[in-house]
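Quick notes on the structure that follows.
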Amino acid sequence: MHVILFHIGSFEVRSYGTIVAIAILLACGLTMYMAKQERKYEEHVLGLVIWAIVGAIIGARFWQVFFFEWHYYSTHLSEMFAIWNGGMSIQGGLVGGFIGGGLYTYFNKILFWEFADIAAPGIILGQAVGRIACLLNGDAFGSPTGSNFGLVYPPGTFAYDTYGDQPLWPAEVWEGQWDLIVLALLFLIKMRKVPTGYLFLFYNILYSFGRLMLEFLRGDTDRFAGLTAAQWTSLIVIVLALGCMVYLRLRPAKNSQPRGDKQEEPTPA
1 MHVILFHIGS FEVRSYGTIV AIAILLACGL TMYMAKQERK YEEHVLGLVI WAIVGAIIGA
61 RFWQVFFFEW HYYSTHLSEM FAIWNGGMSI QGGLVGGFIG GGLYTYFNKI LFWEFADIAA
121 PGIILGQAVG RIACLLNGDA FGSPTGSNFG LVYPPGTFAY DTYGDQPLWP AEVWEGQWDL
181 IVLALLFLIK MRKVPTGYLF LFYNILYSFG RLMLEFLRGD TDRFAGLTAA QWTSLIVIVL
241 ALGCMVYLRL RPAKNSQPRG DKQEEPTPA
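Going by UniProt numbering, the sequence shown opens with residue 1, and the numbers climb by one from there.
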């Protein structure tokens with residue numbers, strides 16, 4: 001676990017930002033591969049990723065500051081924008097990224113649900129790799145296990161500042177592993193030819209379920225009515241995703257052609 005990987009002169013190369021950058025590249029690469037396999041929207045992948053990244057950064061920091069650690073940032077306002085020190089909520093990043101991606105599809109007249117299905121495997125791959133950043137940075141950590149089993153974080157990490165050298169549940173490690181399981185499940189679901197939008201919604205449900213369960217092991221967030229902010233978010237996402245499934249099942253089928261492109265009228269015989 002290394003918060004700082006190495007120095008270039010006086011410049012610190014931090015593990016958090018480095019791993020997040022790798023996660024974004026891998027997510028983008030898999031999304032491009034999926035788009036080529038589907039032969040749809042390849043030329044839009046990079047544009048959507050840029051919009052999604054901007055939205056994700058804003059959403060991730062907003063979620064972390066106001067929903068998870070407001071008790072700290074309310075007295076350290078100058079650190080609210082110091083994202084290079086860590087403190088980025090994955091769920092907030094997803095919400096912000098979905099909003100950014102949704103705006104891109106709207107302005108470019110692309111069918112959102114089709115593109116969302118293409119992007120879903122890449123998103124969860126990026127999340128799995130991104131959890132390595134949390135491990136190296138010593139955040140998103142678990143609560144004490146009360147035994148010799150667990151991760152012991154070194155001095156200089158948020159986990160050590162909170163619990164010292166007590167063994168903690170490897171919550172972020174298990175979440176990354178769950179994300180890889182979700183990735184495999186998505187490929188299996190994709191083979192069943194589910195309705196458009198369902199692959200993306202299954203991703204939301206599966207990830208949120210895993211996060212809901214693993215949050216019981218977390219030791220870095222406050223609880224409201226017995227649940228963490230992430231658990232409340234997960235429950236809301238699951239309910240919304242199920243509602244969207246019903247909506248997509250009941251609505252009339254739409255042509256997969258992007259909005260705004262007119263189909264050619266048949267030539268009269």
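Every residue, glycine too, gets a C-beta built ideally from N, C-alpha and C. What you are looking at is a predicted structure, and each value in this text was computed from that prediction instead of being measured.
Quiz item: Which value, in whole angstroms, describes the spacing of the CA atoms of V237 and Y207?
Solution: The straight-line gap from Cα to Cα measures roughly 10 Å.
Exercise. Find the nearest neighbour of P144 within the set C28, A52, L217, N204, judged by alpha-carbon distance.
Key: For P144, the nearest C-alpha among the options comes from L217.
Quiz item: For F112, which of helix, strand or coil comes out of DSSP?
Solution: Note: F112 maps to helix in three-state DSSP.
Quiz item: Looking at the unbroken beta strand (DSSP E) that takes in L5, where does it start and where does it end?
Solution: Segment 4-8, the beta strand (DSSP E) holding L5.
Exercise. Identify which residue in F158, I99, A23, E42 has its Cα closest to the Cα of H2.
Key: When each option's Cα is compared against that of H2, the closest is F158.
Exercise. Kindly list the residues whose CB is nearer than 6 Å to the CB of A56, restricted to its own chain and excluding five residues on each side of it in sequence; keep chain order.
Key: Only G93, G96, G97 meet the Cβ criterion.
Practice problem: Give the range of the alpha helix (DSSP H) segment to which V239 is assigned. | Solution: Note, V239: alpha helix (DSSP H), 229-250.
Self-check item: Run of the beta strand (DSSP E) containing E12, from where it starts to where it stops
Solution: Following the DSSP letters along the chain, one finds E12 inside the beta strand (DSSP E) bounded by residues 11-14.
Quiz item: Just curious, the alpha helix (DSSP H) that D165 is in, first and last residue?
Solution: Where D165 is concerned, there is no enclosing alpha helix (DSSP H), because DSSP gives it neither an H nor an E.
Quiz item: If you run the structure through DSSP and keep just helix, strand and coil, what is F107?
Solution: Correct three-state label for F107: helix.
Quiz item: Which two residues bound the contiguous alpha helix (DSSP H) that contains M213?
Solution: DSSP places M213 in the uninterrupted alpha helix (DSSP H) bounded by 198-214.
Quiz item: Among L186, V20, Y160, G122, which residue has its Cα nearest to the Cα of Y33?
Solution: Residue G122 holds the alpha-carbon nearest to the alpha-carbon of Y33 among L186, V20, Y160, G122.
Practice problem: Tell me whether the beta-carbon of C244 lies closer than 9 Å to the beta-carbon of L201. | Solution: If you check the CB distance, C244 and L201 come in under 9 Å.
Quiz item: Where does M191 land, buried or exposed, given buried means 16+ other C-beta within 10 angstroms?
Solution: By the neighbour-count rule (16 or more Cβ atoms within 10 Å), M191 is not buried but exposed.
Self-check item: Minimum C-alpha distance to S147 - residue among L135, L136, T162, Q166
Solution: It is Q166.
Quiz prompt | Cβ pair A229, W63 closer than 9 Å | solution = Going by C-beta atoms, A229 is nearer than 9 Å to W63.
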